[in-house]
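What follows is a single structure, written as structure tokens, with notes after it.
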Amino acid sequence: MQGWLRSDGRKGIRNTIIVTYLVECAHHVAREIVRPFEDEDVHLIGFPGCFANLYAFDMMERLATHPNVAGVLLVSLGCEGFDRSGLARRIEATGRPVRTLVIQREGGTRKTVDAGRAWVRATCDGNAALPRVEMGIDELVVGTICGGSDGTSGLTANPAMGNAFDRLVEKGAACIFEETGELIGCE
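In terms of my numbering, the sequence shown has 220 at position 32, counting the first letter as 1, and numbering is strictly consecutive.
As structure tokens, then:
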């Protein structure tokens with residue numbers, strides 16, 4: 189198996205670019221930045237609040253510095269309480285490319301979308317040239333999310349996931365279930 193080595197020594201199996209809105213007012217602009225990259229590994233995440241929130245800051249930092257993330261674009265309106273400069277510094281300290289666009293400073297929606305798309309395109313192109321490295325199963329972290337449960341989940345999907353996770357864990361991988369209710373049927 190191959191992945192990408194990050195400057196902190198961790199390895200990721202994806203080279204994802206995330207576009208992160210830091211207030212709900214910037215959500216539309218961030219979504220427009222991401223739209224032309226539907227077929228590429230570019231994802232939209234965000235925080236809808238307009239106030240300083242340590243929990244949200246910590247969550248955004250952890251998502252932005254995940255081993256599968258290769259670059260981060262922060263999109264801010266400019267007047268929210270989120271510590272965008274602090275988040276950018278933390279991301280930058282991990283060696284990932286990061287850029288902050290402030291809609292009120294960029295000159296509005298259209299200019300911010302254009303600048304964001306140009307940054308994402310350049311970062312995707314740069315990431316395409318990054319060398320892959322060998323990666324062992326023991327360096328793998330697998331997470332699952334519930335895709336929708338029904339009456340057969342405990343009979344089919346849950347035992348299958350449990351079996352797959354047992355095999356991965358035996359080889360040293362770390363496996364995480366999003367909902368402990370998903371463990372039903374894995375006995």
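No residue lacks a Cβ here, since even glycine has one placed at the ideal position from N, Cα and C.
Stretch pair the segment 206-220 + the segment 251-265: three plus CB contacts closer than 8 Å: Touching, per the Cβ criterion.
Same chain, Cβ closer than 6 Å to Ile364, five either side skipped, listed in chain order: Gly331
Buried/exposed call for Lys199, threshold 16 Cβ in 10 Å: buried
His231 in three-state terms, based on DSSP: strand
Alpha-carbon to alpha-carbon, Ala276 and Ile205: Cα to Cα, Ile205 sits roughly 14 Å from Ala276.
Straight-line gap, Asp302 to Val308 (C-alpha atoms, nearest Å): 10 Å
Cβ-based neighbour list, Arg219, same chain, cut-off 7 Å, excluding 5 preceding and 5 following: Leu232
Where Arg355 falls, given that 16 or more other Cβ within 10 Å makes a residue buried: exposed
Rounded separation between Arg293 and Ala352 - CA only: 49 Å
Which listed residue (Ile221, Gly360 and Glu367) has its alpha carbon closest to that of Ser337: Glu367
Gly296 - DSSP class collapsed to helix/strand/coil: Gly296 falls in the coil class under three-state DSSP.
Residue range of the beta strand (DSSP E) that includes Leu210: Run containing Leu210: none; DSSP gives neither H nor E here.
Lys359 versus Glu327 - alpha carbon distance: 10 Å
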